[in-house]
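K.L.:
One structure follows; several queries about it will come next.
Residue numbers (my numbering), protein chains in the order written: chain A, 1 to 126; chain B, 127 to 356.
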């Protein structure tokens, strides 16, 4: 529960920062950035949060389910603009995926593969 | 006995969602290619339609589930921290993949809507849809789109990328934890990240970083676009 409390705390901190500083980035993402910074600065120790974080990230898909179910409420709007939405949704999602993946693979090839101990099995796509 | 009162209790939505999710994971355990989100959401939608249960009743419990997205997003900091050496080495590749991917996604979505004869309102709604819904909704609102529809499209984008992404990338010769993580995180935000983190912690952490970077990059890219939309 310690870990869960810490994660909730950073989530709240992120929302607060978003409101107070009027940032164009959502509170959840600000919370992620602040929490990661706290891990790097050793303000939060990995073993305090590891188990709670593992449980939450492993089942992250579950937390999206109600949103997907919610799309049924928008069926009339989706149907009215059906073809334009289907084509541009599918097309642009594929474009983003291929460009992002392709560029990352190409630029990453230049990064020197110098595996550190215990990192040998990582496959960066070379 | 009035069943209506049962449906309105948040316990109904929570139980149905968690139950359907557990079944969906079991189904995936047997047939690997069937996406759990497809089974889970499909089963719930069928149940609501079959028993004529209003969506708002289900939502009472659904909102309790989506609440956990906040702490789950923050929790992505843990795989990110554990993979810090890897991420540092490939930071240039990740950042350039995310930036060019986001730019071409915004341009591509706008262009495709325009080609299909969609309105400017639909363009403004469609263009930010690859980033996580909290961001895309705000951007769509500021650009003069429809925020509620932006949320729906963002979810559908994530679902599509999460369902076909990993297999499609492999078929097109884009392999390796780093490029796959960048492609999925940039195109399909948390829904995609939630999918790949089950395969590999490394893919999940690259995807999480890419998702956060894509959110920041897209928010910044839209600042000059707002003038054009108004």
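Just so it is clear, CB atoms sit at the ideal spot from N, CA and C, and this is done for glycine as well.
Using a C-beta cutoff of 8 Å, does residue 21 of chain A count as contacting chain B?
P.N.:
no
K.L.:
Is any beta-carbon of chain A found at less than 8 Å from that of residue 313 of chain B?
P.N.:
yes
K.L.:
Do you know how far the Cα of residue 170 of chain B is from the Cα of residue 187 of chain B?
P.N.:
C-alpha separation (whole angstroms): 12 Å.
K.L.:
Answer yes if the segment 305-325 of chain B comes into contact with the segment 53-69 of chain A, meaning at least three C-beta pairs across the two stretches below 8 Å, and no otherwise.
P.N.:
yes
K.L.:
Can you confirm whether residue 17 of chain A, when its beta carbon is compared against all beta carbons of chain B, has any partner nearer than 8 Å?
P.N.:
no
K.L.:
Quick one: residues in its chain with C-beta nearer than 7 Å to the C-beta of residue 257 of chain B, no 5 flanking neighbours on either side, listed in chain order?
P.N.:
315, 340, 341, 344
K.L.:
Alpha carbons only, please: which of A:35, A:96, A:24, A:23 is nearest the one belonging to residue 4 of chain A?
P.N.:
A:35
K.L.:
Can you list, in chain order, the residues of its chain whose CB lies under 7 Å from that of residue 48 of chain A, leaving out five sequence neighbours each side?
P.N.:
2, 3, 6
K.L.:
Counting only Cβ pairs nearer than 8 Å, list the residues of chain B close to residue 58 of chain A.
P.N.:
323, 324
K.L.:
If you draw a straight line from the alpha carbon of residue 22 of chain A to that of residue 263 of chain B, how long is it in whole angstroms?
P.N.:
16 Å
K.L.:
Just checking: is the beta-carbon of residue 24 of chain A within a distance shorter than 8 Å of some beta-carbon in chain B?
P.N.:
yes
K.L.:
For the alpha helix (DSSP H) containing residue 289 of chain B, list its first residue and its last residue.
P.N.:
273-297
K.L.:
So, does the segment 277-292 of chain B touch the segment 91-101 of chain A, judging by three or more C-beta pairs under 8 Å?
P.N.:
yes
K.L.:
Compare the C-alpha of residue 181 of chain B against each of A:67, A:62, A:45 and name the closest.
P.N.:
A:67
K.L.:
By the three-class DSSP mapping on this structure, what secondary structure does residue 161 of chain B have?
P.N.:
coil
K.L.:
Checking 8 Å against the spacing of the C-beta atoms, do residue 269 of chain B and residue 352 of chain B come in under that value?
P.N.:
yes
K.L.:
If you count every other CB in all the chains shown that lies within 10 Å of the CB of residue 130 of chain B, and 16 or more means buried, which is it?
P.N.:
exposed
K.L.:
If you measure from the beta carbon of residue 1 of chain A to each beta carbon in chain B, is any gap under 8 Å?
P.N.:
no
K.L.:
Is residue 204 of chain B near residue 18 of chain A, with beta carbons less than 8 Å apart?
P.N.:
no
K.L.:
Closer than 9 Å, Cβ to Cβ, to anything on chain B: give me those residues from the segment 45-70 of chain A, in chain order.
P.N.:
46, 49, 50, 52, 53, 54, 55, 56, 57, 58, 59, 60, 61, 62, 63, 64, 65, 66, 67, 68, 69, 70
K.L.:
In three-state terms, what does DSSP make of residue 136 of chain B?
P.N.:
helix
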